[in-house]
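One structure below.
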(Lines of atoms letter the chains of each structure in order from A and count residues from 1; the text may use other names and numbers.)
(Lines give C-alpha, C1' and ligand atoms only; values in the text may rest on other atoms or scores of the structure.)
Protein backbone atom coordinates (compact mmCIF):
# COMPACT_ATOMS: atom_id res chain seq x y z
CA UNK A 1 0.00 0.00 0.00
CA UNK A 2 1.31 3.43 -0.96
CA UNK A 3 1.49 5.96 1.86
CA UNK A 4 1.52 9.75 2.03
CA UNK A 5 5.32 9.87 1.91
CA UNK A 6 5.38 8.10 -1.45
CA UNK A 7 2.47 10.09 -2.90
CA UNK A 8 3.83 13.43 -1.71
CA UNK A 9 7.29 12.79 -3.14
CA UNK A 10 5.78 11.60 -6.43
CA UNK A 11 3.48 14.63 -6.76
CA UNK A 12 6.23 17.06 -5.79
CA UNK A 13 8.69 15.64 -8.30
CA UNK A 14 6.01 15.51 -11.01
CA UNK A 15 5.69 19.31 -10.66
CA UNK A 16 9.48 19.61 -10.48
CA UNK A 17 9.40 21.35 -7.10
CA UNK A 18 11.97 21.30 -4.36
CA UNK A 19 10.77 20.67 -0.81
CA UNK A 20 11.36 24.34 -0.06
CA UNK A 21 9.33 25.51 -3.06
CA UNK A 22 6.43 23.24 -2.12
CA UNK A 23 6.52 24.46 1.45
CA UNK A 24 6.46 28.09 0.29
CA UNK A 25 3.50 27.70 -2.08
CA UNK A 26 1.51 25.76 0.54
CA UNK A 27 2.38 28.04 3.43
CA UNK A 28 3.94 25.34 5.57
CA UNK A 29 7.44 24.72 6.93
CA UNK A 30 10.05 23.01 4.78
CA UNK A 31 10.81 20.72 7.72
CA UNK A 32 7.19 19.56 7.59
CA UNK A 33 7.61 18.46 3.97
CA UNK A 34 10.88 16.73 4.83
CA UNK A 35 9.29 14.94 7.79
CA UNK A 36 6.31 13.80 5.71
CA UNK A 37 8.52 12.43 2.94
CA UNK A 38 10.31 10.33 5.55
CA UNK A 39 7.12 8.88 6.94
CA UNK A 40 6.01 11.44 9.51
CA UNK A 41 2.35 11.90 10.40
CA UNK A 42 0.75 15.05 8.97
CA UNK A 43 -1.81 17.28 10.63
CA UNK A 44 -5.23 17.49 9.00
CA UNK A 45 -4.53 21.12 8.10
CA UNK A 46 -1.35 20.10 6.26
CA UNK A 47 -3.11 17.30 4.38
CA UNK A 48 -5.82 19.71 3.26
CA UNK A 49 -3.28 22.28 2.06
CA UNK A 50 -1.34 19.67 0.10
CA UNK A 51 -4.45 18.07 -1.42
CA UNK A 52 -5.73 21.50 -2.46
CA UNK A 53 -2.40 22.48 -3.99
CA UNK A 54 -2.03 19.27 -5.99
CA UNK A 55 -5.77 19.19 -6.78
CA UNK A 56 -6.15 15.62 -5.55
CA UNK A 57 -8.48 14.07 -3.01
CA UNK A 58 -7.36 13.58 0.56
CA UNK A 59 -8.00 9.85 0.15
CA UNK A 60 -5.59 9.77 -2.80
CA UNK A 61 -2.93 11.70 -0.93
CA UNK A 62 -3.02 9.46 2.13
CA UNK A 63 -3.08 6.27 0.05
CA UNK A 64 -6.69 5.17 0.57
CA UNK A 65 -7.56 5.54 -3.11
CA UNK A 66 -5.82 5.37 -6.45
CA UNK A 67 -8.23 7.92 -7.94
CA UNK A 68 -6.90 11.44 -7.80
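Numbering (my numbering), first residue to last: 12 to 79.
Quick reminder that beta carbons are idealized off the backbone N, C-alpha and C, glycines included.
Go through its chain and collect everything with a Cβ distance to residue i's Cβ below 7 Å, but skip five positions before and after it.
i	result
residue 79	67, 68 and 71
residue 20	48
residue 60	37, 38 and 39
residue 57	39 and 43
In this structure, how does DSSP classify residue i when only helix, strand and coil are distinguished?
i	result
residue 23	helix
residue 67	coil
residue 14	coil
residue 6	There is simply no residue 6 to check, as the chain begins at 12 and stops at 79 in what is shown.
residue 52	coil
Near residue i, what residues of its chain come up, given a Cβ to Cβ distance below 6 Å and the 5 sequence neighbours on each side ignored?
i	result
residue 44	30, 33 and 34
Can you round the beta-carbon distance between residue i and residue j to whole angstroms, since I take them to be within the 8 Å contact cut?
i	j	result
residue 22	residue 65	5 Å
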